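Heads up, the thing below is written out as structure tokens.
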Amino acid sequence: MLNALIVKNLNVWYGDRHVLKDVNFSLPQNKILAIVGPSGSGKSTLLKVINRLIDLNPLARVSGSVRVLGMEVLSDGINLATLRRVVGMVFQTPNPFPHLSIYDNVALGPRYNRLVRNKEELDELVKESLIKAALWDEVKDRLHEKPVNLSGGQQQRLCIARALANKPRILLLDEPTSNIDPLSTQKIEHTLLELKKGITVVIVTHSLRQALRISDYLLFLENGRVVNYGSAEEISEVRSKAIGSYLKYSA
Ligand SMILES: Nc1ncnc2c1ncn2[C@@H]1O[C@H](COP(=O)(O)OP(=O)(O)OP(=O)(O)O)[C@@H](O)[C@H]1O
Ligand SMILES: [Mg+2]
């Protein structure tokens, strides 16, 4: 099976602070990886390396290798626009563009990246992305309203639709359900399970329950180190160890 993501000897520093230490793992395509670990363990930093958002921090220094679908993410020559189209990202706090309509929030990426040839194709892609994000039925009659009218959970699903409209091969989500209601959380979890038919998903979550519900692979970070990494076959063993270590830091 082809790997979507191969991380080798990854180290990250912010100034003198060593925040990711010799991280190694590989993730097959079309699986869900859940990253869990205590606050400050480096989960968000790991996501930010994968799409090179880390570049925005002038203090950050990165060494090692991160390959996304065979492409070396850490090489100087990489095209960041292409990388960020292939690797989509959804953040903890829903952040739709407030001045754009629901439709235009989803349409912006495909227009910019020239993924469609005409209005019909764009309409179709917007609809398909909203359906995949489990939001279409709730917004199909109000596509030209601003997202401020949506609930927090709907706004987060809009952000997922916006990411999907770029046709990413990998979707990164940083605690996407920590600010939203249980029903929207359920819808998002269902969406992620559907998505893995076609793309690879990496989700950071504080909820071990959520991780166990949806993931094929689990990665536990503690103080910048991988303390546990397991595939679905190993999950029950990882689970018992994980619960032990999770209780240790959540106690
Ligand atoms: N921009 C930054 N500049 C300096 N240090 C940073 C920066 N961002 C994060 N750090 C430090 O890097 C370490 C890892 O942070 P990171 O945000 O990756 O953790 P996290 O696991 O996502 O935590 P949380 O669960 O609270 O979101 C922490 O010690 C944090 O203080
Ligand atoms: Mg974080």
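First residue of the sequence shown? That's 5 in our numbering, and the numbers climb one at a time after it. Note that beta-carbon positions come from the ideal geometry of N, C-alpha and C, so glycine has one too. Keep in mind the model is a prediction, meaning the values are calculated, not measured.
With 16 other Cβ atoms within 10 Å as the buried cut-off, status of residue i
i: Ser-45; result: buried
i: Pro-102; result: exposed
i: Tyr-253; result: With a pLDDT of 47 at Tyr-253, under the threshold of 50, the predicted position of this residue should be treated as unreliable, though the coordinate-derived value follows. Classification for Tyr-253: exposed.
i: Val-152; result: exposed
i: Pro-186; result: exposed
i: Glu-76; result: exposed
i: Gly-81; result: exposed
i: Glu-125; result: exposed
i: Asn-13; result: exposed
i: Lys-136; result: buried
i: Leu-31; result: buried
i: Ala-85; result: exposed
i: Leu-60; result: exposed
Chain-order list of residues whose beta-carbon lies under 7 Å from that of residue i (same chain, five-residue window excluded)
i: Thr-163; result: Per the sequence presented here, residue 163 reads as Cys, with Thr not at that position. Here the set comprises Val-94, Pro-98, Asn-99 and Pro-100.
i: Tyr-107; result: Val-130, Leu-147 and His-148
i: Ser-105; result: Leu-147, His-148, Glu-149 and Lys-150
i: Asn-227; result: Ser-45
heavy atom of ligand 1 below 8 Å from residue i C-beta
i: Leu-1; result: Since the first residue shown for the chain is 5 and the last is 255, residue 1 is missing from the structure and cannot be characterised.
i: Thr-195; result: no
i: Asn-61; result: yes
i: Gly-157; result: no
i: Arg-229; result: no
i: Ala-64; result: yes
i: Val-11; result: no
i: Tyr-256; result: Nothing about residue 256 can be reported from this structure: the residues present for the chain run from 5 to 255 only.
i: Tyr-116; result: no
i: Val-43; result: The question names Val, but residue 43 is Ser in the sequence shown. Within the cutoff, so yes.
i: Arg-166; result: no
i: Gly-19; result: yes
Near ligand 3: residue i beta-carbon under 8 Å from a heavy atom
i: Val-208; result: Absence of ligand 3 is noted for the structure shown, with ligand 1 and ligand 2 being the only ligands found.
Check: residue i C-beta below 8 Å from any heavy atom of ligand 2
i: Glu-226; result: no
i: Gln-214; result: no
i: Gln-160; result: no
i: Lys-1; result: With the chain running from 5 to 255 in the structure shown, residue 1 is simply not present.
i: Gln-33; result: no
i: Gln-190; result: no
i: Asp-178; result: yes
Beta-carbon contacts of residue i that lie in its chain and below 8 Å, excluding the five residues immediately before and after
i: Ala-255; result: Residue placement at Ala-255 is poorly supported in this model, since its pLDDT is 34, which falls under 50; the coordinates still yield a value, given next. If we look at Ala-255 and ignore the five residues flanking it on each side, it has no Cβ neighbours.
i: Lys-47; result: Ile-39, Val-40, Gly-41, Asp-178, Val-208 and Leu-225
i: Asn-170; result: Arg-89, Gly-92, Gly-113, Pro-114, Asn-117 and Leu-119
i: Gln-160; result: Val-94, Pro-98, Pro-180, Thr-181, Asn-183, Ile-184, Ser-188 and Ile-192
Beta-carbon proximity list for residue i, same chain, < 6 Å, skipping 5 on both sides
i: Arg-88; result: Asn-55
i: Lys-191; result: Ala-138
i: Arg-166; result: Asn-109 and Val-110
i: Ser-235; result: Tyr-221
i: Arg-71; result: Ile-10
i: Ser-133; result: Val-110, Ala-165, Leu-168 and Ala-169
i: Arg-229; result: Lys-25
i: Tyr-233; result: Phe-29 and Leu-223
- Message: Ignoring anything shorter than 4 residues, give me the alpha helix (DSSP H) runs that lie fully in the region 17-100, in order along the chain.
- Response: 47-54 and 84-90
- Message: Contact between the region 10-28 and the region 192-201 is defined here as three or more beta-carbon pairs at a separation below 8 Å; is this criterion met?
- Response: no
- Message: Measuring CB atoms only, is the region 108-122 touching the region 173-181, in the sense that at least three cross pairs come out at less than 8 Å?
- Response: no
- Item | Sequence ranges, beta strand (DSSP E) only - wholly within the region 171-196, length at least 3 | 174-178
- Contact the region 60-67 vs the region 13-23: 3+ CB pairs below 8 Å: yes
- Item | Complete runs of the alpha helix (DSSP H) confined to the region 205-229 [at least 4 residues] | 212-218
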